[in-house]
Ligand code: SF4
Ligand code: SF4
């Protein structure tokens, strides 16, 4: 006879035999870890909805404006010129997640991933409140369109859409700033067609994800979920079933059964699982480490007077050997690399110049000899002030007796803005040693030198 004990490997939990998606109705979780996750999610949601309102010197603390390439992280503005700093920051973030995953598995997914927090702690709870627990939800779906069903489904869908709409507004606020979003809401629609369409599209996407797509986002879309196979090893801490203690599973019996493990085969861990898997089959790609099965199993263990923790946070290694967590060479290597990257990023951020200047001689111009005999050149200048305050910049050169004359009004480098201008640079004729003199222009704010750049100055040909 063919051994069928590994038959779970032949199927995936979320697709039925006909190839259709299985829509899960997980049982409402209850327990210490669920309560802790709920508490964390309140804090998380508070932070998520507060951040767009926090400003430093009038600018948001975080901004990810991809279209206009404006990025602000912790109040620090990133210009296209320092994009490498931003990219490095992103690489550090990804390495951090990878390192974290090697050691702590998918703790991120279960506790702080926005998809999990919104799905399990916001939308699912509303669903439980309106439609009841899993069995009631299934029964409601099966019955015809009674008044009760129409009322419940309409209410649920309406609330889901309103929340999706609110989330979409805040999501957009992270991209264009809360002030712009408020303008879309208060000013005539014709002025903000693009913004309004974005909000509607985002609302639609969020509504679709939370009303229907749900765990599929983790199972088939999320790239982080896909990476688990290469990141986890037998030392990673994951939500795990202690098969040493649990097997052989056996239905509960008051009289001890020889060879029976602690698992009473009650399927409670499976019933609460939002991705429909049986954790007793081992670590699986579908497991988001949501901890619902830990709570469910602990409740059962208390009921049958066995120690809690048959399903718990553990590594495969600790389960098999009973030993404690060890630092592996991979963990050490990742940590060193991470600290190195953080060091480089901090150094680059700390030594980033306050301004970014480009000075170019105006196209097609030569030099002019002034009536007082001085020679002048015309320049175009671009200044990006990366500081949080406006700078009244003074330009000086390394040539004695030089003078700068702005064309039009003298420019003030506004905070976090690109300023363009034109100026004449006048030099005494006798200071010019070459026809194409290399000069250095310094930028002073009061008595502080905050930047310098090099350019050339064209003078009359030397006659020897
Ligand atoms: S197996 Fe457990 S931790 Fe993993 S997703 Fe299912 S309920 Fe959550
Ligand atoms: S909840 Fe615990 S006892 Fe029940 S089937 Fe799952 S692992 Fe076994």
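Numbering (the numbering used here), first residue to last: 12 to 475. From the three backbone atoms N, C-alpha and C, an ideal C-beta is built for every residue, glycine too.
- Would you call residue 25 buried or exposed, if buried means 16 or more other Cβ atoms sit within 10 Å of its Cβ? Here residue 25 is buried: its Cβ has 16 or more other Cβ atoms, across all protein chains shown, within 10 Å.
- Item | Alpha-carbon to alpha-carbon, residue 122 and residue 300 | A straight line joining the alpha-carbon of residue 300 with that of residue 122 spans about 8 angstroms.
- Query: Does DSSP classify residue 460 as helix, strand or coil?
  - Reply: DSSP places residue 460 in strand when its eight states are reduced to three.
- Closer than 6 angstroms by C-beta to residue 400: which residues in its own chain qualify, once you throw out the five before and the five after it? Chain order, please. The residues are 426.
- May I ask whether a heavy atom of ligand 1 can be found less than 7 angstroms away from the beta carbon of residue 510? Any answer about residue 510 is impossible in this case: the structure gives the chain only from 12 up to 475.
- Query: Do you know how far the Cα of residue 292 is from the Cα of residue 115?
  - Reply: Between residue 115 and residue 292, the C-alpha separation is close to 20 angstroms.
- Length of the line joining the Cα atoms of residue 444 and residue 363: If you draw a straight line from the Cα of residue 444 to the Cα of residue 363, it comes to about 34 angstroms.
- Query: Any heavy atom of ligand 2 closer than 7 angstroms to the Cβ of residue 276?
  - Reply: Indeed, a heavy atom of ligand 2 lies less than 7 angstroms from the Cβ.
- Item | Contacting residues, own chain, Cβ-Cβ under 8 angstroms from residue 12 (five flanking each side not counted) | Note on residue 12: pLDDT 41, under 50, position unreliable in the model; the coordinate value appears next. Excluding residues within five positions, none has a Cβ falling inside 8 angstroms.
- Query: Is residue 159 near ligand 2, going by C-beta to nearest heavy atom under 7 angstroms?
  - Reply: No.
- If we ignore side chains and look at the alpha-carbon of each, how far apart do residue 112 and residue 93 end up? One C-alpha to the other measures close to 29 angstroms.
- Exposure of residue 201, with buried meaning 16 or more beta-carbon neighbours within 10 Å: By the 10 Å Cβ count, residue 201 comes out exposed.
- Message: I'd like to know whether the C-beta atoms of residue 248 and residue 326 end up nearer to each other than 8 angstroms.
- Response: Taking 8 angstroms as the Cβ cut-off, residue 248 and residue 326 qualify as a contacting pair.
- Message: Can you give me the C-alpha to C-alpha distance between residue 279 and residue 178, rounded to a whole angstrom?
- Response: Distance between residue 279 and residue 178, taken at the CA atoms: about 33 angstroms.
- So residue 450 packs on residue 466, CB below 8 angstroms; how close in whole Å? In this structure residue 450 is in contact with residue 466, their Cβ atoms being roughly 6 angstroms apart against a cut-off of 8 angstroms.
- Using the DSSP secondary-structure output, state which residues sit across from residue 389 in a beta bridge. Listed as beta-bridge partners of residue 389 by DSSP are 435.
- Return yes when at least one heavy atom of ligand 2 lies under 7 angstroms from the C-beta of residue 284, else no. Ligand 2 never approaches residue 284 closely enough for any of its heavy atoms to be under 7 angstroms from the residue's Cβ.
- Query: Taking all protein chains shown into account, do 16 or more other C-beta atoms lie within 10 angstroms of the C-beta of residue 154, making it buried, or fewer, making it exposed?
  - Reply: By the neighbour-count criterion, in which 16 or more other beta carbons inside 10 Å mark a residue as buried, residue 154 falls on the exposed side.
- Run the proximity test for residue 344: is its beta-carbon closer than 7 angstroms to any non-hydrogen atom belonging to ligand 2? Taking non-hydrogen atoms of ligand 2 into account, the C-beta of residue 344 is found less than 7 angstroms away from none of them.
- Item | residue 360 beta carbon less than 8 angstroms from that of residue 96 | With a cutoff of 8 angstroms on beta-carbon distance, residue 96 and residue 360 are scored as near each other.
- Item | Sequence-distant residues of its chain with Cβ nearer than 7 angstroms to residue 22 (five each side left out) | Same-chain partners within the cutoff: there are none.
- What's the call for residue 31, buried or exposed, on a 16-neighbour Cβ count within 10 Å? Note on residue 31: under 16 other CB atoms within 10 angstroms of its CB, so exposed under the neighbour-count rule.
- Message: On a Cα-Cα basis, can you pick out the residue from 57, 35, 197 and 385 that is closest to residue 135?
- Response: It is 35 whose Cα lies nearest to the Cα of residue 135.
- Message: When you measure from the CB of residue 260 to every non-hydrogen atom of ligand 2, does any distance come out below 7 angstroms?
- Response: Yes, the beta carbon of residue 260 sits closer than 7 angstroms to at least one heavy atom of ligand 2.
- Do you know offhand how far residue 235's Cα is from residue 127's? Cα to Cα, residue 235 sits roughly 13 angstroms from residue 127.
- Minimum C-alpha distance to residue 371 - residue among 452, 51 and 404: Taking only the C-alpha atoms, the option nearest residue 371 is 452.
- Task: State the beta-bridge partners of residue 405 as determined by DSSP.
- Result: According to DSSP, residue pairing for residue 405 in a beta bridge involves 455.
- Query: For residue 209, is the classification buried or exposed, using 16 other Cβ atoms within 10 angstroms of its Cβ as the cut-off for buried?
  - Reply: Residue 209 should be labelled buried.
- Say whether the segment 254–265 touches the segment 208–228, bearing in mind that this needs 3 or more beta-carbon pairs closer than 8 angstroms, one atom from each stretch. Note that the segment 254–265 does not touch the segment 208–228; fewer than 3 beta-carbon pairs, one per stretch, sit closer than 8 angstroms.
- Item | Three-way DSSP call (helix, strand, coil) for residue 128 in this model | Residue 128: helix per DSSP, three-state reduction.
- Pairwise C-alpha distance: residue 438 and residue 380: If you take the alpha carbons of residue 380 and residue 438, they lie about 10 angstroms apart.
- Please find out if some non-hydrogen atom of ligand 1 comes closer than 7 angstroms to the beta-carbon of residue 228. No, since every heavy atom of ligand 1 falls outside the 7 angstroms radius drawn around the Cβ of residue 228.
- Query: On the premise that residue 144 lies in contact with residue 38, defined as a C-beta separation below 8 angstroms, what is that separation, rounded to the nearest angstrom?
  - Reply: That pair is a contact at about 6 angstroms.
- Task: Output the distance between the C-alpha atoms of residue 14 and residue 303, rounded to the nearest integer angstrom.
- Result: Low local confidence applies: a pLDDT of 48 at residue 14 is under 50, so the model's placement there is unreliable, and no value is given.
- Task: Could you check the C-alpha separation between residue 345 and residue 167 for me, to the nearest Å?
- Result: The alpha-carbon separation between residue 345 and residue 167 amounts to approximately 45 angstroms.
- Bounding residues of the alpha helix (DSSP H) (the contiguous stretch that carries residue 309): The continuous alpha helix (DSSP H) containing residue 309 extends over residues 303–314.
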